[in-house]
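In my numbering, the protein residues as written are 1 to 319. What follows is a single structure, written as C-alpha cells, with notes after it.
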C-alpha cells in the first residue's frame with residue numbers, strides 16, 4: 001500500500017515523499033524498513049527518483065539507538081527531498097554482507113541506483129545534515145534533462161493499463177517533479193492508488209487537491225474513476241444470463257456494463273455498451289452512450305481502452 005504524502009504550502013502532496021509500491025512505511029512515507037527481498041525495488045529502483053539514505057543497524061547496538069533519532073529528525077526536516085530506509089542486519093545479513101558492512105551503525109547514501117557516500121558510527125547533527133544536503137545536491141546534479149511530458153503521460157497510461165502500477169507511479173511522479181501543477185499526472189496518481197486498491201490514498205489526493213488542479217477536467221475524470229471504484233463489485237453472472245436470454249433488454253445491458261466495470265472487467269464493460277449503442281443509440285435519452293463516455297472519463301483519455309473504444313464508438317455513430 002502507499003503511505004500518505006506530506007503536503008507543501010499549496011496543499012499539493014509532495015511527489016518525492018510518495019512511498020514506492022509495496023513499501024512498508026511509516027505514516028509520512030519518508031522513513032521505512034527494507035529487507036533483502038525488497039531492497040532492489042525500494043532502494044535501488046526508488047533512488048532513481050529520490051535520493052535514499054540506508055541505515056544499517058541492529059537491536060543490540062547502543063550507538064545505533066543514539067544515531068537513529070537524529071538521522072530521522074534530519075531526514076524528516078528535509079521535507080521529502082530524501083528518504084530513509086532502515087535495515088536490521090540481524091534479519092537481513094545478506095544485505096550487510098553485499099555492501100560489506102563491517103560494523104553498525106553504517107549509513108549509505110543512494111542516488112541513481114548506486115551508493116555515492118557513506119559514514120560509520122555516530123555523528124553530530126550538523127555533520128548528518130551536511131551528509132544529507134550533499135546527497136540531495138548530488139542527486140540534483142545527476143538529474144536527466146527535462147522529460148517530454150506528453151510522451152511520458154502516454155507511457156504512464158499504457159503502463160497503468162497493462163497493470164504495471166509501480167511503473168506508472170514512477171512516471172507520474174517524474175512528471176510532477178518537473179511540473180507540480182500538471183493535473184493529468186496528478187489525476188494519474190489517483191488512478192495508480194485506485195489500481196493498487198488504496199482508496200484511502202486516492203481520497204486523500206482528491207480531498208486535498210490544490211485549486212488550480214481541482215478545476216481541471218483531468219482531475220474531474222480521476223474523481224469519476226474514484227466514484228466508480230468505490231461501488232462494491234457485483235456478481236455479473238445473473239446479468240449476463242439475463243442479457244443472453246433477452247438481448248433487447250437495454251436496462252439489463254447497461255446494468256451489466258456497470259457491474260463489469262466495477263468488477264474490473266473494463267474492456268468487457270465497454271464492449272457491452274458499444275453493443276447497446278449500436279442496437280439503439282437513442283434509447284432512454286442516449287443512456288448507453290453517456291455511460292460509455294463516463295467510463296472513458298474514468299479510464300483517462302490516454303488509456304488504450306479509451307482510445308480504442310472512442311474509435312469504435314465513432315464508427316458506430318457515423319456509419
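For glycine and all other residues, C-beta sits at the position ideal for the given N, C-alpha and C.
Whole-angstrom distance between residue j and residue i, CA atom to CA atom
i           : j           : result
residue 67  : residue 194 : 38 Å
residue 35  : residue 46  : 14 Å
residue 89  : residue 43  : 16 Å
residue 155 : residue 65  : 44 Å
residue 78  : residue 29  : 13 Å
residue 135 : residue 51  : 7 Å
residue 132 : residue 266 : 45 Å
residue 85  : residue 229 : 32 Å
residue 165 : residue 236 : 26 Å
residue 170 : residue 142 : 17 Å
residue 290 : residue 180 : 32 Å
residue 49  : residue 221 : 27 Å
residue 175 : residue 271 : 32 Å
residue 102 : residue 123 : 17 Å
residue 63  : residue 93  : 19 Å
residue 125 : residue 113 : 26 Å
residue 91  : residue 38  : 13 Å
residue 223 : residue 238 : 29 Å
residue 97  : residue 197 : 36 Å
residue 120 : residue 95  : 16 Å
residue 305 : residue 33  : 37 Å
residue 314 : residue 262 : 25 Å
residue 40  : residue 99  : 13 Å
residue 87  : residue 130 : 22 Å
residue 307 : residue 284 : 25 Å
residue 260 : residue 140 : 45 Å
residue 201 : residue 147 : 26 Å
residue 247 : residue 281 : 15 Å
residue 320 : residue 245 : Outside the shown range of the chain, which is 1 to 319, sits residue 320, and nothing can be said about it.
residue 301 : residue 199 : 21 Å
residue 13  : residue 74  : Note that residue 13 scores a pLDDT of 47, beneath 50, so its modelled location is shaky; the value from the coordinates is reported in the next line. Approximately 20 Å between the Cα atoms of the pair.
Residues near residue i by beta carbon distance below 6 Å, same chain, minus five either side
i           : result
residue 108 : 54, 115 and 118
residue 184 : 153 and 218
residue 303 : 157 and 161
residue 189 : 172
residue 22  : The predicted position of residue 22 is uncertain, since its pLDDT is 42 and thus under 50; a value taken from the coordinates is nonetheless stated next. Answer for residue 22: no residue qualifies.
residue 216 : 183
residue 231 : 262
Counted within 10 angstroms of its Cβ, other Cβ atoms place residue i as buried (16 or more) or exposed
i           : result
residue 151 : exposed
residue 57  : buried
residue 226 : buried
residue 296 : buried
residue 4   : In this predicted model, residue 4 has a pLDDT of only 38, less than 50, meaning its place in the structure is not dependable; the value taken from the coordinates is given anyway. Label assigned to residue 4: buried.
residue 81  : buried
residue 25  : Bear in mind that a pLDDT of 39 at residue 25, under 50, signals an unreliable position, so the number given afterwards is only what the model happens to contain. Buried, since its Cβ has 16 or more Cβ neighbours within 10 Å.
residue 15  : Its pLDDT being 47, under 50, residue 15 is placed unreliably by the model, and the measurement read from it follows with that caveat. So residue 15 ends up on the buried side.
residue 298 : buried
residue 163 : exposed
residue 252 : buried
Cβ distance (whole Å) where residue i is taken to contact residue j below 8 Å
i           : j           : result
residue 312 : residue 274 : 5 Å
residue 182 : residue 206 : In fact, because the Cβ distance is near 16 Å, the residues do not count as touching under 8 Å.
residue 316 : residue 278 : 5 Å
residue 138 : residue 111 : 6 Å
residue 250 : residue 276 : 6 Å
residue 254 : residue 288 : 6 Å
Sequence-distant residues of its chain with Cβ nearer than 7 Å to residue i (five each side left out)
i           : result
residue 127 : none
residue 192 : 160, 165, 168, 169 and 172
residue 213 : 181, 183, 186 and 219
residue 318 : none
residue 70  : 125 and 128
residue 243 : 249, 252, 253 and 256
Contacts around residue i, its chain only, beta-carbon distance under 8 Å, and the 5 residues preceding and following it disregarded
i           : result
residue 394 : This structure cannot settle anything about residue 394, because the visible part of the chain is limited to 1 through 319.
residue 61  : 104 and 105
residue 309 : 270, 274, 292, 295 and 296
residue 203 : 226
residue 240 : 256
residue 59  : 88 and 90
3 or more residues per run - each beta strand (DSSP E) lying fully within the region 114-169: 114-120
Contiguous alpha helix (DSSP H) assignments of at least 4 residues, all confined to the region 32-103: 62-77 and 93-98
Alpha helix (DSSP H) runs wholly inside the region 224-284, at least 4 long, in chain order: 237-245, 250-262 and 266-279
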